[in-house]
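Visitor: Okay, so the sequence shown: first residue is 87 according to our numbering, each after it adds one. Note that beta-carbon positions come from the ideal geometry of N, C-alpha and C, so glycine has one too. I am attaching a structure below and will ask some questions about it afterwards.
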Amino acid sequence: EESPEALMELLSDRQSPWALPPDCSPQDQRLREMAVLTPELVRGSKIFQVFRSLRIVGKGVEEVDEGLLQLQQLEELILSANQISRITSANLPRTLKVLELCCNAVADLQDLCAQPPPELQHLGLGYNRLRGPSQDKYLTADFWPNLVSLDLSFNNFTDLLGLVSQLSSLQKLRVLVLQGNPLALIPTYRGFLVDSLPKLSILDDVHIGPDERHQFHGLARQPELIRSEARVVVSIGEIQGVPDPSVRQQLEVGSKAPVITYSYCVMYEF
């Protein structure tokens, strides 16, 4: 039987068939080392106590059941690009600090906020189906007292004033992503947020510097400047598969047949 020292050498030797791949996570490395040095800790149900991070991306997950509660030390849960429409907070370990649900089908936060993990620091809800203002009330310190980072990008939030009034209760919030929502089209959107949330450090992946904060100082006290309308300019470079009306008109010049009019309708879905 090989000694623990020899087995550890096999894990670190790049030529060894048991060597870890270069892109392995620190958790992979830790599990391999524990299997060598303290194998009794990774046998049976004891292994559930080892996991700190769980990443399941693009696997068609539809729900999170109570089985997840076996991971009593879990701090990071990544469930991006699945088919989750609702998530029951009672099935989430209380130790969670990071919850990423980007690219799912979440439309309501009520179940998630019933018993939310009290220590959560990052909540990722980008590219879901959330609609304001009915969901604004769930984005407060009553549910997320320790939240530092919040991603709500590419949903359907429309009420900037209402959303900001709720987010302002998140005293620890430093990173916020709202791009891709209809409210981000409002001309004074960024300036109003920068002035309304003075503790914010990063908005839409862009750092907020002292100059920008000074530039928008006082805008939060002028809500009348927030107009519920926006102007969208769309430039179309090329269209394929549509007959050119001008060519048909040239062919019809001098013709005694009735003039035929061609019209096209372009629709944009938000």
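Please check the pair N214 and V192, which I expect to be a contact at CB under 8 Å, by giving their CB distance rounded to whole angstroms.
Guide: Confirmed, Cβ separation roughly 4 Å.
Visitor: Have a look at C351, C189 and D197 and flag the residue whose alpha-carbon is nearest the alpha-carbon of A176.
Guide: Closest by alpha carbon: D197.
Visitor: Name, in chain order, the residues that DSSP records as bridge partners for S139.
Guide: E162.
Visitor: What's the C-alpha gap between S89 and P103?
Guide: Approximately 17 Å, taken between the alpha carbons.
Visitor: Classify I288 as helix, strand or coil using the three-state DSSP reduction.
Guide: Strand at I288.
Visitor: At what residues does the beta strand (DSSP E) containing D194 begin and finish?
Guide: Per DSSP, D194 belongs to no beta strand (DSSP E) and is neither H nor E.
Visitor: Can the beta-carbon of P179 be found closer than 8 Å to that of L206?
Guide: Against a cut-off of 8 Å, the Cβ pair of L206 and P179 comes out as no contact.
Visitor: Could you tell me the boundaries of the alpha helix (DSSP H) in which D281 lies?
Guide: Note, D281: alpha helix (DSSP H), Y275 to S282.
Visitor: Give the secondary structure of V184 by DSSP, where H, G and I count as helix, E and B as strand, and everything else as coil.
Guide: The answer is strand: DSSP assigns V184 an E or B state.
Visitor: Note down, in chain order, each residue of its chain lying with its Cβ closer than 7 Å to the Cβ of K258, except the 5 sequence neighbours on either side.
Guide: For K258, where only same-chain residues beyond five positions count, the Cβ hits under 7 Å are N232, L233 and V234.
Visitor: If E186 and L160 are in contact, beta carbons under 8 Å, what's the gap, nearest whole angstrom?
Guide: With a Cβ gap of about 13 Å, E186 and L160 do not count as contacting.
Visitor: Would you mind working out which of V136, P329 and V352 sits nearest I322, comparing C-alpha positions?
Guide: Residue V352 is the option with its Cα nearest to I322.
Visitor: Please report how far the alpha carbon of L256 lies from the alpha carbon of N242, in whole angstroms.
Guide: In a straight line, the C-alpha of L256 is about 21 Å away from that of N242.
Visitor: Taking the alpha-carbon of Q156 as reference, which of G248, L182 and V328 has the nearest alpha-carbon?
Guide: Minimum Cα distance to Q156 is reached at L182.
Visitor: On the DSSP bridge assignment, give the partners of S235 in chain order.
Guide: For S235, which the question treats as bridged, DSSP gives the partners H208 and V261.
Visitor: In the DSSP assignment, the alpha helix (DSSP H) including L246 goes from what residue to what residue?
Guide: Segment L246 to L253, the alpha helix (DSSP H) holding L246.
Visitor: Within 8 Å (strictly less), CB to CB, does V143 reach chain B?
Guide: Absence of chain B from the displayed structure is noted, only one protein chain being present.
Visitor: Quick one: what's H293 bridged to in DSSP?
Guide: Bridge partners of H293: I288.
Visitor: Rounding to the nearest angstrom, what Cα-Cα distance links L211 and Y350 in this structure?
Guide: So the alpha carbons of these two residues sit roughly 37 Å apart.
Visitor: In the DSSP output, what is N214 paired with across the bridge?
Guide: DSSP, once it has assigned bridges, lists no residue as partnering N214.
Visitor: Label D291 either buried or exposed according to how many other C-beta atoms from any shown protein chain fall within 10 Å of its C-beta, with 16 as the threshold for buried.
Guide: It counts as exposed.
Visitor: Please work out which residues of its chain come closer than 8 Å, Cβ to Cβ, to A167, disregarding the five sequence neighbours upstream and downstream, and give them in chain order.
Guide: Answer for A167: V143, G144, C188, C189 and N190, listed in chain order.
Visitor: DSSP puts N242 in a beta bridge; with which residues?
Guide: Answer by DSSP bridge pairing, in chain order: R217.
Visitor: Taking C-alpha atoms, which residue in Q158, D109 and Q113 lies nearest to K132?
Guide: Comparing Cα positions, the closest option is Q158.
Visitor: Nearest CA to the CA of H208: which residue from P273, L262 and Q169?
Guide: Out of P273, L262 and Q169, L262 has the C-alpha closest to the C-alpha of H208.
Visitor: State the start and end residues of the unbroken alpha helix (DSSP H) segment that holds V122.
Guide: Note, V122: alpha helix (DSSP H), P112 to L123.
Visitor: Work out the CA separation of R299 and T274 for me, nearest whole Å.
Guide: Going by the C-alpha atoms only, they are around 13 Å apart.
Visitor: Rounded to a whole number of angstroms, what is the C-alpha to C-alpha distance between W230 and V320?
Guide: C-alpha separation (whole angstroms): 38 Å.
Visitor: What is the residue span of the alpha helix (DSSP H) that A167 lies within?
Guide: Run containing A167: none; DSSP gives neither H nor E here.
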